[in-house]
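Okay, so here's the structure we're looking at.
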């Protein structure tokens, strides 16, 4: 990656980014981000997979195709990273806090279900963020989340 500024593409609610044989479609609206993967077969783009993620902060500012299988989505709230596995043709949330050395995540991440489940299912992340996540769950009256945290 030469410089981040050379990779940015402006986004107005949706964006398409094309790599060698893979094309990502990104669309944000009504509290959701829709990710679509297309593969070039002969001369046509065919849909491989689509994932819709609940995300309350859907104002996209830019999307960056890091390589064919990784995409960074820059929102007014923060940075999201998604990965595409060609082996099982799945899209998954691959959050990495690479742009900040902050010890605690931005409070809004607690509203992002995929991030929360990643924290709960990873012992080291749960040790690192569990107290703040529990405080959030109590404040927001999220009984199921409180129960999940205590079970772990």
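In this note's numbering, the protein residues as written are 50 to 201. Cβ coordinates follow ideal geometry from the N, Cα and C atoms, glycine included. Just so it is clear, the structure is predicted and the values come from calculations on it, not from any experiment.
Could you tell me the boundaries of the alpha helix (DSSP H) in which residue i lies?
| i | result |
| --- | --- |
| residue 194 | 192 to 200 |
| residue 188 | 172 to 188 |
| residue 167 | 162 to 169 |
With which residues is residue i paired in a DSSP beta bridge?
| i | result |
| --- | --- |
| residue 129 | 122 |
| residue 140 | 133 |
| residue 81 | 78 and 103 |
Please state if the CB of residue j and the CB of residue i are separated by a distance shorter than 9 angstroms.
| i | j | result |
| --- | --- | --- |
| residue 89 | residue 70 | yes |
| residue 121 | residue 134 | no |
| residue 176 | residue 195 | no |
| residue 74 | residue 103 | no |
| residue 119 | residue 130 | yes |
| residue 138 | residue 97 | yes |
| residue 167 | residue 174 | yes |
| residue 142 | residue 132 | yes |
Less than 8 angstroms between the CB atoms is what I'm expecting for residue i and residue j, so what's the real figure, rounded?
| i | j | result |
| --- | --- | --- |
| residue 169 | residue 197 | 6 angstroms |
| residue 128 | residue 84 | The pair is not a contact, with the Cβ atoms about 15 angstroms apart (cut-off 8 angstroms). |
| residue 87 | residue 72 | 4 angstroms |
| residue 125 | residue 108 | 4 angstroms |
Whole beta strand (DSSP E) runs in the segment 84 to 118 with 3 or more residues, listed along the chain? Runs found: 93 to 103 and 109 to 116.
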